[in-house]
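Undergrad:
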Amino acid sequence: MSEPILELNGLGKTFEADGNRVVALSDVSLTFARGGCHAIVGESGSGKTTLANLVLGLMAPTAGEMRFNSVALPGDRGKGHRRAIQLVQQNPLSALNPRRTIGASVRLPLDVHEIGTSSGRAARVAELLQEVGLEPDYAQRSPRGLSGGQRQRVAIARALACEPELIVLDEPTSALDVLVQARVLKLLERLRVEHGLTYLFITHDLAVVRAIATTVSVFQRGRLVESGPVEALFAAPQADYTRQLIGAVPVVTEEEARLRDAIRAGAPMPAAGPGA
Amino acid sequence: MTREPVLTIRDLHLAFGRWGRKSNVLHGISLHVGAGEKVALVGESGSGKSVTARLAMGLLQESRATHATGSIRFDGIEAVKGGPEIARRRGNRVAMIFQDPTSALNPTFKIRGQFREVLRSAEPRLSDAEADRRAEAALAEVSIPDPARALDSYAFQLSGGMNQRVMIAMALANRPELLIADEPGTALDVTVQAQTLKLMGDLAATRGTAVLLISHNLGVVREFADRVYVIYRGRMVEHATTKQLFAAPRHPYTQALLSAIPKISGGGLPDLPERSPDFERPLIVHEGCGEPAEVV
Ligand SMILES: Nc1ncnc2c1ncn2[C@@H]1O[C@H](COP(=O)(O)OP(=O)(O)OP(=O)(O)O)[C@@H](O)[C@H]1O
Ligand SMILES: Nc1ncnc2c1ncn2[C@@H]1O[C@H](COP(=O)(O)OP(=O)(O)OP(=O)(O)O)[C@@H](O)[C@H]1O
Ligand SMILES: [Mg+2]
Ligand SMILES: [Mg+2]
């Protein structure tokens, strides 16, 4: 296995507000290899986005520590770390400022991180747009007129502008039709290989996980329940919860239905109804 | 006896913009959903699914920059030019689950107050205690683990999927006659998603709710819907029963779409057909899926 880019040791996050205590993430230890596409899946509300926020430095953990390239990640991030770890969100429209042209959105991180000369930045924007499959004249357009897939390409271009090492993708394609999704996933795969990028890929779509992830970690109620290479997880899921998840995937082919039903047969099904 | 479908849309056209800069978004959309029927609308991102839903709900208003023609009937009430007036007349008989829950929930109020308001739109005299009791039950039904905590939270304190479930619970709470669900499962794990689809299906079966489901998840569509409409760039391109559509898709766009579905059985990413002129071919209606009889 290649060197780890990110290590989590006993990571935890508890929220406290109005006397409510929510343990969003508890005692998570995980190692992510450089260059992989690491899927994070699990129950809604199990702490996936919280994990992303911790890795991005948007909030501080209440327990444990994180190491990036073997160096402890500080709660207060310096510019170097902020540049090295980037985010691509689910909703491409709300992630882009509608009053800014696409070129200005992609250029912003170049200005903030003072990457390249002022005149070189315009050329770099054109290069980044080309990298994600958009014509250079998109730089002058507003994000309003773009399709969901095009907006997601812009968000990817903006994340790439910082020349990051790790990109956190939180449901990057769930708002797209499957044809556009397939194109965006192919783009992400090509960029990962060409630039040696590492992805933390948060998704609810297990078929997407199977298609592009190298490893997968399954979360339930703030805890890691299972983690391993993607092929192993689909061949022989260990945790009951993982079997429940795979067993509940809505499928379109007989082959998938057979796989799903075989996995489901090996698991006690989730209790039906509320309050169970 | 022929009964008028709960929702009938005929030859709907929509354009945005003003002066020389109009963009045509819908080019003659027709569809219908009968009582107790579960109908899916699928298609390209940006093809016009959400605007069709918003028009049907009376949420998109005719203005100097929004131009709609055609006919949208809900239980005999014409809605194309209706806007807020129509929305009020139909009140809680129609409900919508919005694609983006964060924009549908008010960020400055706790969920509790918003839920009471929804329940009181149907029963104005409901007491706080009774409203809260029903809200908690509704949240438990969508598998929210701690309904009391959810009611005491602001939207930002809940996960994406929890907000989506709050919105689903609100939409189902008044047991509407027409439910439009625009991507109701995007932020949900598959077990919770199955649970919410079951609730929607139960409503159709027991209460005769007409359900229009908009989704990119074709597995969900296959398991949930009776009939499917496929839309591409503002035009309907195929209309079939769910069985017909998945067994033998006939329109080139539908064929390309179905071939791009990733599989849990593996096989990586599919090879992609380029967007082809073929995709612009006219509507294909499968046997048995014709327009409902004209009601005079
Ligand atoms: N700012 C906050 N204040 C209080 N509680 C929070 C806050 N952010 C998240 N939580 C809680 O932490 C838990 C985990 O939330 P998180 O958003 O990480 O889940 P998730 O796995 O991303 O879920 P989903 O799949 O629905 O997006 C939830 O119970 C949520 O209510
Ligand atoms: N208020 C508006 N003003 C101008 N254009 C708009 C407006 N609302 C939607 N559009 C445009 O109308 C077209 C249809 O949008 P719509 O949101 O209905 O697509 P959709 O089929 O729901 O896509 P998705 O699957 O991505 O949700 C898009 O090109 C969109 O940019
Ligand atoms: Mg989340
Ligand atoms: Mg939409």
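For the record, the sequence lines run as chains P and G. Mapping to UniProt numbering: the first sequence position 125 is 125, numbers consecutive. Mapping to UniProt numbering: the second sequence position 65 is 65, numbers consecutive. Note that beta-carbon positions come from the ideal geometry of N, C-alpha and C, so glycine has one too.
(1) With a threshold of 7 Å on Cβ separation, who are the neighbours of P176(G) within its own chain once the five nearest residues in sequence on each side are excluded?
(2) Please report how far the alpha carbon of G234(G) lies from the alpha carbon of K186(P), in whole angstroms.
(3) If you follow the alpha helix (DSSP H) that H81(P) is in, where does it begin and where does it stop?
(4) Given that a residue counts as buried once 16 or more other Cβ atoms are within 10 Å of its Cβ, and exposed if not, what is F109(G)?
(5) Once DSSP output is grouped into helix, strand and coil, what is the label at Y232(G)?
(6) What is the DSSP secondary structure of residue 284(P), reduced to helix, strand or coil?
(7) So is D261(P) in contact with chain G if we call contact Cβ pairs under 9 Å?
(8) Specify the secondary structure class of A63(P) as computed by DSSP and reduced to three states.
(9) For K186(P), which residues in chain G fall below 7 Å Cβ to Cβ?
(10) Go through its chain and collect everything with a Cβ distance to L272(G)'s Cβ below 7 Å, but skip five positions before and after it.
(11) Closest to L146(P) by C-alpha separation, out of T101(P), R183(P) and Q130(P), would be which residue?
(12) Whose C-beta lies closer than 8 Å to the C-beta of G275(P) among residues of the same chain, with five residues either side of it excluded?
(13) Should F156(G) be labelled buried (16 or more other beta-carbon atoms within 10 Å of its own) or exposed?
(14) Check distances from the C-beta atoms of the segment 157–168 of chain G to those of chain P and list, in chain order, the residues that come in under 9 Å.
(15) Return the CA-CA distance between A213(P) and G36(P), expressed in angstroms with no decimal places.
(16) Can you tell which of R64(G), G36(G) and I9(G) has the C-alpha that lies nearest to the C-alpha of A56(G)?
(17) Nearest to V249(P) by alpha carbon, out of M167(G), L245(G), V220(G) and V211(G)?
(18) Please decide whether G80(P) counts as near chain G, where near means a Cβ-Cβ distance under 9 Å.
(19) Please report the distance separating the alpha-carbon of T203(P) from that of G120(P).
(20) Would DSSP call residue 299(G) helix, strand or coil?
(21) Consult DSSP for I156(P) and reduce its assignment to one of helix, strand or coil.
(22) Within 9 Å (strictly less), CB to CB, does V22(P) reach chain G?
(23) Could you compute how far the alpha carbon of A205(G) sits from the alpha carbon of R151(P)?
(24) Taking the alpha carbon of G266(P) as the reference point, which residue from G247(P), V225(P), E255(P) and S26(P) has its own alpha carbon closest?
(25) Using a Cβ-Cβ distance under 9 Å, would D278(G) count as near chain P?
(26) Under 8 Å, with one C-beta from each stretch per pair, do the segment 37–52 of chain P and the segment 95–113 of chain P reach the 3-pair mark?
(27) Could you have a look at M162(G) and say whether DSSP puts it in helix, strand or coil?
(28) Note down, in chain order, each residue of its chain lying with its Cβ closer than 7 Å to the Cβ of L58(P), except the 5 sequence neighbours on either side.
(29) Compare the C-beta of K243(G) with all C-beta atoms of chain P and state if any pair is closer than 9 Å.
(30) Considering G219(G), what are the terminal residues of the alpha helix (DSSP H) in which it resides?
(31) Check the Cβ-Cβ distances between T49(P) and every residue of chain G, and say whether any is below 9 Å.
(32) Please list the segments of the beta strand (DSSP E) lying wholly inside the segment 143–197 of chain P, counting only runs of 3 or more residues, in order along the chain.
(33) Does DSSP classify F16(G) as helix, strand or coil?
(34) Whose beta carbon lies closer than 7 Å to any heavy atom of ligand 4, going through the chain in order?
(35) Just tell me which of I180(G), L188(G) and A173(G) has its CA closest to the CA of G161(G).
(36) Compile a chain-ordered list of the residues in the segment 132–156 of chain P whose CB is closer than 7 Å to at least one CB of chain G.
TA: Short version:
(1) Here residue 176(G) refers to the residue found at position 176 of the second sequence. Here the set comprises N92, R93, V94, A95 and T209.
(2) Within the second sequence, residue 234(G) is the residue found at index 234, counting from 1. Within the first sequence, residue 186(P) is the residue found at index 186, counting from 1. Their Cα atoms are separated by approximately 26 Å.
(3) Your numbering for residue 81(P) matches position 81 in the first sequence. From DSSP, the alpha helix (DSSP H) with H81(P) extends over K79 to A84.
(4) The residue given as residue 109(G) occupies position 109 in the second sequence. Exposed, because fewer than 16 other Cβ atoms sit within 10 Å of the Cβ of F109(G).
(5) Indexing the second sequence from 1 puts residue 232(G) at position 232. Correct three-state label for Y232(G): strand.
(6) Given a span of 1 to 276 for chain P in the structure shown, any question on residue 284(P) remains unanswerable.
(7) Translated into positions along the first sequence, residue 261(P) becomes position 261. Taking Cβ atoms only, chain G never reaches closer than 9 Å to D261(P), which makes this a no.
(8) As a position in the first sequence, residue 63(P) is number 63, starting the count at 1. When DSSP states are grouped into helix, strand and coil, A63(P) belongs to the strand group.
(9) Residue mapping note: residue 186(P) aligns to position 186 of the first sequence, counting from 1. Under the 7 Å cutoff, chain G gives L269.
(10) By 1-based counting over the second sequence, the position of residue 272(G) is 272. Cβ within range, chain order: A260.
(11) The residue labelled residue 146(P) in the question sits at position 146 within the first sequence. The option with the nearest alpha carbon to L146(P) is T101(P).
(12) As a first step, residue 275(P) must be located in the first sequence, where it is residue number 275. Any answer about G275(P) is weak, because its pLDDT of 36 lies below 50 and its placement is not dependable; what the coordinates show is given next. Within the same chain, G275(P) has no close Cβ partners at all.
(13) Sequence index remark: in the second sequence, residue 156(G) carries index 156 (1-based). By the 10 Å Cβ count, F156(G) comes out exposed.
(14) Q157, L158, S159, G160, G161, M162, Q164 and R165
(15) Translated into the one-based positions of the first sequence, residue 213(P) becomes position 213. Translated into the one-based positions of the first sequence, residue 36(P) becomes position 36. Between A213(P) and G36(P), the C-alpha separation is close to 8 Å.
(16) On the second sequence, residue 56(G) is found 56 positions in, with the first residue counted as 1. Nearest of R64(G), G36(G) and I9(G) to A56(G), Cα basis: I9(G).
(17) As a position in the first sequence, residue 249(P) is number 249, starting the count at 1. With distances taken between Cα atoms, V249(P) lies closest to V220(G).
(18) Mapped onto the first sequence, residue 80(P) falls at position 80. Not an interface residue.
(19) Locating residue 203(P) in the first sequence gives position 203, where the first residue counts as 1. Locating residue 120(P) in the first sequence gives position 120, where the first residue counts as 1. Looking at the two C-alpha atoms, the distance is approximately 36 Å.
(20) Residue 299(G) is absent from the model: chain G starts at 1 and stops at 296.
(21) In the first sequence, counting from the first residue as 1, residue 156(P) sits at position 156. In this structure, I156(P) counts as helix in the three-state DSSP scheme.
(22) In the first sequence, counting from the first residue as 1, residue 22(P) sits at position 22. Using a Cβ-Cβ cut-off of 9 Å, V22(P) counts as an interface residue toward chain G, since at least one Cβ of chain G sits closer than that to its own.
(23) To locate residue 205(G), count along the second sequence from 1; it is residue 205. To locate residue 151(P), count along the first sequence from 1; it is residue 151. Distance between the alpha carbons of A205(G) and R151(P) is about 39 Å.
(24) Taking the first residue of the first sequence as position 1, residue 266(P) is located at position 266. Of the listed residues, the one whose Cα sits closest to G266(P) is G247(P).
(25) Locating residue 278(G) in the second sequence gives position 278, where the first residue counts as 1. No - not a single Cβ of chain P is within 9 Å of the one on D278(G).
(26) They do not touch, by the three-pair rule.
(27) Within the second sequence, numbered from 1, the residue matching residue 162(G) stands at position 162. In the structure shown, M162(G) sits in a helix (DSSP, three-state: H, G or I).
(28) Here residue 58(P) refers to the residue found at position 58 when the first sequence is read from its first residue. No residues qualify anywhere along the chain.
(29) In the second sequence, counting from the first residue as 1, residue 243(G) sits at position 243. False, the Cβ-Cβ gap to chain P never drops below 9 Å.
(30) Reading the second sequence from its first residue, position 219 is the one you call residue 219(G). First-last of the alpha helix (DSSP H) with G219(G): L218 to F224.
(31) To locate residue 49(P), count along the first sequence from 1; it is residue 49. With 9 Å as the cut-off, T49(P) counts as an interface residue toward chain G.
(32) As far as the segment 143–197 of chain P is concerned, its whole beta strand (DSSP E) runs of at least 3 residues are 166–170.
(33) Counting from 1 along the second sequence, the entry for residue 16(G) is found at position 16. Note: F16(G) maps to strand in three-state DSSP.
(34) K49(G), S50(G), Q99(G), D182(G), E183(G) and I214(G)
(35) Here residue 161(G) refers to the residue found at position 161 when the second sequence is read from its first residue. The option with the nearest alpha carbon to G161(G) is L188(G).
(36) Answer set for the segment 132–156 of chain P: S147, G148 and G149.
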